[in-house]
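*Asks:*
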Amino acid sequence: MNTTEPTPASTTDYDVIIIGGSYAGLSAALQLARARRRILVVDAGHRRNRFATNSHGFLTRDGQPAADIAAEGRANVAAYPNVGWHDGVATAARHDGGIDGHAFVVELDGARTVRGARLVLATGVRDDLPHIDGLAERWGKSVFHCPYCHGYELNEGRIGVLASGPLSVHQAQMLPHWGHVTFFTNGVCSLDDAQRADLQARGVQIDETPVLRLVNVATVVLEDGRQEIMTGLFTYGRVHMSSPIAEQLGCAFDAGPLGPFIRTDESRQTTVPAVFAAGDAMRAASSVALAVADGAMAGVGAHRSLLFGVTPFAAPMMAVASSASALATESSSASATESASASHSGAR
Ligand SMILES: Cc1cc2nc3c(=O)[nH]c(=O)nc-3n(C[C@H](O)[C@H](O)[C@H](O)COP(=O)(O)OP(=O)(O)OC[C@H]3O[C@@H](n4cnc5c(N)ncnc54)[C@H](O)[C@@H]3O)c2cc1C
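Residue numbers (our numbering): 41 to 388.
1. Between which two residues does the alpha helix (DSSP H) containing valine 145 stretch?
2. Would you check if the distance between the CB atom of threonine 271 and the CB atom of arginine 198 is smaller than 8 Å?
3. Taking the C-alpha atoms as reference points, what is the distance between alanine 176 and proline 170?
4. Is it right to say threonine 100 is buried, meaning 16 or more other beta carbons lie within 10 angstroms of its own, or is it exposed?
5. I'd like to confirm something about serine 182: is its beta-carbon nearer than 7 Å to some heavy atom of ligand 1, or not?
6. In the DSSP assignment, find the beta strand (DSSP E) that holds valine 260 and state where it starts and stops.
7. Which one of Thr131, Ile57, His190 has the shortest CA to CA distance from asparagine 122?
8. What did DSSP end up calling serine 362 once you bin it into helix, strand or coil?
9. Following a CB-centred definition, is alanine 336 positioned closer than 7 Å to any heavy atom of ligand 1?
10. Per DSSP, glycine 156 is paired with what?
11. Given the structure, does isoleucine 285 come close to ligand 1, in the sense that its CB is under 7 Å from one of the ligand's heavy atoms?
12. Report buried or exposed for alanine 292, applying the criterion of at least 16 other Cβ atoms within 10 angstroms of its Cβ.
13. When you compare only the Cα positions, how much space is there between alanine 364 and phenylalanine 223?
14. Helix, strand or coil, according to DSSP, for proline 356 in the structure here?
15. Below 8 Å on the Cβ atoms is my contact criterion, and I expect alanine 212 with valine 201 to pass it. Report the Cβ-Cβ distance as a whole number of Å.
16. Please report the Cβ distance between leucine 161 and isoleucine 302, rounded to the nearest whole angstrom; I am assuming they are in contact, meaning their Cβ atoms lie under 8 Å.
17. Using the beta-carbon count (16 or more within 10 Å), is aspartate 83 buried or exposed?
18. So isoleucine 246 is in the beta strand (DSSP E); what residue range does that whole segment cover?
19. If I measure Cβ to Cβ from serine 67 and keep anything under 6 Å in the same chain, skipping five residues before and after, which residues do I get?
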């Protein structure tokens, strides 16, 4: 451990550049701001949950406007004088030497560049929704993907699950805890006998008539002319990286049930040294709470690598444990618990 070396940031504009200024990026920024590092947050302003008015399941902010939670987070971070903010897009990033061999050049809006010693990618994902007439405009209002986020508010009413592939069976199996479920297989999900029996045992009605469109709040119009009035609908889309930067930098990805996510180790470092990732971009199971937790870990991870040097991917945190803060210790154990629960929830 050598804390007397000059910080690698001395030839850079910023110690850490955080790309993505929503829940994960803000949480990383807060840790780094409080560590008195010079940081820049770059944010294009397209949160994944911008289609929903309220956010649920984040302790102390349950049911509050998703935009307010993000705005208050931004205000928390902006209160620190060592934080810079850029409203815009990081259009490219590349590795570029630096005192310890790790510095990055980030291009902003295709117009100018900034240099940072560490990067945190908190760029999130975008949802590629099933092509059903009327679905996109109801996304986040009466059509959802996560029952933990929006299931309770349906008040145990009629819930439709719109199949988008084989994984939809899992969604239909989960939802009876939130209401009376009809599974619309819509020609994209064929059930074997065991799945059919399992769904029926859970009280799920199976409707195999093709879906024509959605109307009103959440009414499913079927090809045979029936209109099934639902309280709310659930479906899975495919998820894609919101930004190509992780790929540009050479980060490894893992295959999730709904799409790829950036591989990280316990400190949230990616397979590219000195590049960290947090939030939906690096996990299969997503929520504001998990993004905030990841962000805190990535912020601390990036700070540790400034202090003690870059460690290889998956290096045990024990190397710096002697100076671990209470926060970091808690974050490590939270991470272990969360890995277990993420593998339990898989896609949801
Ligand atoms: C409809 C819907 C409803 C949801 N409801 C809930 C809920 O009730 N409760 C809950 O816990 N979770 C909910 N979620 C999940 C939640 O939205 C995500 O888990 C959370 O937003 C992840 O936070 P994040 O910071 O990782 O990514 P995001 O919030 O998606 O933020 C990523 C940020 O990075 C920016 N960005 C991306 N690329 C670049 C770039 N190149 N340059 C600059 N900026 C960039 C984006 O513009 C965006 O601001 C919902 C999701 C959806 C789709």
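Ideal placement from N, C-alpha and C gives every residue a C-beta, glycine not left out.
*Replies:* According to the structure shown:
1. Along the sequence shown, one-based indexing puts residue 145 at 105. Counting along the chain, valine 145 falls outside any alpha helix (DSSP H), though it belongs to the beta strand (DSSP E) covering 144-148.
2. Along the sequence shown, read from residue 1 onward, the residue named residue 271 stands at position 231. Along the sequence shown, read from residue 1 onward, the residue named residue 198 stands at position 158. The answer is yes: Cβ separation under 8 Å.
3. The residue you call residue 176 lines up with position 136 of the sequence shown. The residue you call residue 170 lines up with position 130 of the sequence shown. In a straight line, the C-alpha of alanine 176 is about 8 Å away from that of proline 170.
4. If you number the sequence shown from 1, residue 100 lands on position 60. With fewer than 16 Cβ atoms within 10 Å of its Cβ, threonine 100 is classed as exposed.
5. Numbered from its first residue, the sequence shown carries residue 182 at position 142. Serine 182: no, Cβ never under 7 Å from ligand 1.
6. To locate residue 260, count along the sequence shown from 1; it is residue 220. Note, valine 260: beta strand (DSSP E), 259-262.
7. Residue mapping note: residue 122 aligns to position 82 of the sequence shown, counting from 1. Of Thr131, Ile57, His190, the residue nearest in Cα terms is Ile57.
8. As a position in the sequence shown, residue 362 is number 322, starting the count at 1. Confidence in serine 362 is poor, its pLDDT being 37 and thus under 50, which makes the residue's placement unreliable; the coordinate value appears in the next sentence. If DSSP states are grouped into helix, strand and coil, serine 362 belongs with the helices.
9. Working through the sequence shown from its first residue, we reach residue 336 at position 296. Because no heavy atom of ligand 1 lies under 7 Å away, the Cβ of alanine 336 does not count as near it: no.
10. The count along the sequence shown starts at 1 and reaches residue 156 at position 116. Paired residue(s): Tyr54, Phe144.
11. By 1-based counting over the sequence shown, the position of residue 285 is 245. Yes, ligand 1 has a heavy atom inside 7 Å of this Cβ.
12. For the purposes of this step, residue 292 is taken as residue 252 along the sequence shown, with counting starting at 1. So alanine 292 ends up on the exposed side.
13. Along the sequence shown, read from residue 1 onward, the residue named residue 364 stands at position 324. Along the sequence shown, read from residue 1 onward, the residue named residue 223 stands at position 183. Note that alanine 364 has pLDDT 36, beneath the 50 cutoff, so the model's placement of it is unreliable and the number below is only indicative. Distance between the alpha carbons of alanine 364 and phenylalanine 223 is about 49 Å.
14. Translated into the one-based positions of the sequence shown, residue 356 becomes position 316. Residue placement at proline 356 is poorly supported in this model, since its pLDDT is 47, which falls under 50; the coordinates are not used for a value here.
15. By one-based count along the sequence shown, residue 212 stands at place 172. By one-based count along the sequence shown, residue 201 stands at place 161. With a Cβ gap of about 4 Å, alanine 212 and valine 201 count as contacting.
16. Here residue 161 refers to the residue found at position 121 when the sequence shown is read from its first residue. Here residue 302 refers to the residue found at position 262 when the sequence shown is read from its first residue. Confirmed, Cβ separation roughly 7 Å.
17. Here residue 83 corresponds to residue number 43 of the sequence shown, with the count starting at 1. Flag for aspartate 83 reads buried.
18. Residue mapping note: residue 246 aligns to position 206 of the sequence shown, counting from 1. Isoleucine 246 -> beta strand (DSSP E) spans 245-247.
19. Residue mapping note: residue 67 aligns to position 27 of the sequence shown, counting from 1. Cβ neighbours of serine 67 beyond the five flanking positions: Val332, Gly335, Ala336.
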